[in-house]
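Numbering (the working numbering), first residue to last: -18 to 809.
Taking it in order: structure first as structure tokens, then the write-up.
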């Protein structure tokens, strides 16, 4: 179009046979024809002969208002050699056209206006005259035998997208003899990348003639960075750009090397790429068929971290036929392969005939196989998803690198189920006929997950869950490793003065101050039921475990939760109201036969223990941390036990200071295991202060009874205990007080109680300073303590020991040092 404007100006000039004096007339003619201003700033020269040559220097064609610069095109020089005889016959035949340093900028504004569309101004005073055939021929028929552009610039700017591109034309040559094909060659540079173009099209005569059924032929080849792109086909309406049908082929050794052609596209560094397709005009979106894509190895980490491609094939025979995809490579060092068959691409376009879009995909990774097969009813709106999902893997933890997070080492994993969604973007997602099996257990059922708002509704069941095996399969944090080359033992850093030492806020509480996940309840609606036939935990087998949890309006209700333990049932209910800043919490528990070993494991004291504990709890509190709840605790908790065994190291860990204080002279016999005759304890809490009464632990290692208070808020103790041992078959009880904090309690002897209890008599008997025998100390009654702990009634007072007649004198062993004994016994 631009060349035609200049040619028209030259034709007008030749017709007047004048030179510089006719510049205004030439500019006016261009203005009338295009609506643009033509500035002829330099001289115009004319050489008359059979091939007149016109020389124009410094010409510019103006832009319409609203574009980025005043001129659309600037040309340093134009040399036009015309054929005189064809001109006399009404045909413009250019023997040679040379453009020197043309600078052309094609623009599109934010409103969509373009500067390459020319509009002839309306002239209402003059009625339009229909062109005659001869006149139309004279102004429309032209030919360019030889055209050359030297050192030109062709740029494109789109203000709607911000895209700017420029091509530096080192040389461009086109030959278009009359009624002969047009040949074009170009040597150019775009964004620093050199490329060459060789093209052949139909003749200029055919370009101006009415459309032919066979179309205007087009063939072009581009070479750049070792890549080759070819286009071959025809265009039935080339002047309008309609009716094209072309075949495109490309071979690209390195796709990343072509990035200068599309700097914002982020072309991946794929190698050995081959592409072919047939593209045809439909009046709307182009019709693409016979599409094939092949790619070799490439590191795609710039797109997805850790992704590497070994090979890729993609075939789309037609827009109305399925597409096929195969690929292989690795992700985060894990081999991955995929095979997929998807529905026809036309089904992804809005307005296409309705019908399901099939999806059939399988993948392999880390020794596992995964498959998805089904349909998407409305692909344009992502509605009506219905997929069958299945998979299996020998070790689930092998997928950890793919997900960038540690996964449990579940083995022999197999999964199958159906996934459906009325609307994929907003949900809900429905999982039906789910079945998950592993070596550690199984789970099946159905679930519905809502995305907006968040909701979970599930009905799940299991024939067997091994919680011990599941805990063992959980990922463990990797040990910290010193950097390569670092010393095995780093030199100590000098300590900063106390005034400069950094202050780190740490909780001093033994009961955790960590936040409970109550925030996750807010805005969540959930209704989950679970039934487990066999549950293995702590080495024990629970039967018929059932639970029902409901979360609604920021409130959680777990009721009921029931399980049959080896020695009896367990019933639990729990409620949390997270609508409050300090959520109220209530828990009720009835476990008449809980395993002692399980309780010790939960308390962080795993060990060998046998026996069952009767636990009953009815507690309430409020807060978002365990410590806050404990500090506001109200209610009762009781624990009773008869018979059983426990390792002494566990008792020593729990009652270490009491045992040490109660056994200053080795009165208690030690062993590896103790028999538990009975355990009775009851806590009554009020606003975080728990009164313990009664408390009795009767074992072969030690017998301890007593009462007192535990302040769960500041974690302090005020207990009065009576540990009891035996000397020569006679019981002795030494009263102790336990005060201080939970983490570091202070145990001291109650001296007044010790005196009233006959400690002086004990000392005298042991030192041989009197002839009296030690009065017997009566052990607390298990029956009375157990009844009191279970019912909350006050324990019956112990009967005073009966007077014993003096025994015959016996040969006494050598008494210990009395002074040392007294200091040990009364030492705080």
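All residues carry an ideal CB built from backbone N, CA and C; glycine is no exception.
Small disclaimer: the values here were computed from a predicted structure and weren't measured.
Separation of residue 177 and residue 192 (C-alpha to C-alpha, rounded to the nearest whole angstrom) is 30 Å. Spatial neighbours of residue 358 in its own chain (CB-CB distance under 7 Å, excluding positions within 5 residues in sequence) are listed in chain order as 337, 364, 365. In this structure, residue 579 keeps its C-beta atom at 8 Å or more from the C-beta atom of residue 624. Here residue 279 is near residue 250, since their CB atoms are less than 8 Å apart. At a Cβ-Cβ threshold of 8 Å, residue 508 and residue 531 count as neighbours. The Cβ-Cβ distance between residue 541 and residue 552 falls below 8 Å. Counted as a single uninterrupted DSSP element, the alpha helix (DSSP H) harbouring residue 608 occupies residues 607 to 612. The segment 691 to 707 and the segment 719 to 726 touch, with no fewer than 3 CB-CB distances between them shorter than 8 Å.
Using a Cβ-Cβ distance cut-off of 8 Å, the segment 542 to 550 and the segment 511 to 527 are in contact, since at least three pairs of beta carbons, one from each stretch, lie closer than that value. In this structure residue 770 touches residue 619 by the C-beta definition: roughly 5 Å separates them, less than 8 Å.
Taking C-alpha positions only, residue 495 is separated from residue 430 by approximately 29 Å. In this structure, residue 55 places its C-beta atom within 8 Å of the C-beta atom of residue 41. The three-state reading of DSSP puts residue 514 in strand, counting E and B together.
Residue 13 counts as exposed, since fewer than 16 other C-beta atoms from the protein chains shown sit within 10 angstroms of its C-beta. Separation of the CB atoms of residue 215 and residue 196 is rounded to 3 Å, and the pair is thereby assigned contact status at 8 Å.
Annotation: residue 451 is outside any beta strand (DSSP E); the continuous alpha helix (DSSP H) that includes it extends over 448 to 454. No Cβ-Cβ contact shorter than 8 Å links residue 598 with residue 563. Counting along the chain, residue 266 sits inside no beta strand (DSSP E), nor does DSSP assign it H or E at all.
Taking C-alpha positions only, residue 727 is separated from residue 573 by approximately 33 Å. Shown here, residue 361 sits in coil according to DSSP, grouped into three states, outside any helix or strand. Assigned with DSSP and collapsed to three states, residue 550 falls in strand.
With contacts defined by Cβ atoms closer than 8 Å, residue 661 and residue 767 form a contacting pair.
In this structure, the CA atom of residue 240 is about 44 Å from the CA atom of residue 10.
Taken through DSSP and simplified to helix, strand or coil, residue 160 comes out as coil.
For the set 492, 45, 404, the Cα lying nearest the Cα of residue 98 is the one of 45. Residue 200: member of the beta strand (DSSP E) spanning 197 to 205, first to last residue. Contact check for residue 454 against residue 382 fails: the beta carbons are separated by 8 Å or more.
Take the alpha-carbon of residue 78 and the one of residue 198: they are about 24 Å apart. Residue 419 and residue 392 do touch by the CB rule: their CB atoms are close to 7 Å apart, below 8 Å. Taking all protein chains in view, the Cβ of residue 703 is crowded by 16 or more other Cβ atoms within 10 Å, so the residue is classified as buried.
In this structure residue 167 is not in contact with residue 188, their Cβ atoms being roughly 19 Å apart against a cut-off of 8 Å.
Looking from the CA of residue 682, the closest CA among 497, 347, 628 belongs to 628.
For the set 514, 219, 380, 566, the Cα lying nearest the Cα of residue 538 is the one of 566.
Rounded to the nearest angstrom, the gap between the Cα atoms of residue 210 and residue 203 is 5 Å. Beta-bridge partners assigned by DSSP to residue 218: 223. Residue 427 and residue 401 have their C-alpha atoms spaced approximately 12 Å apart.
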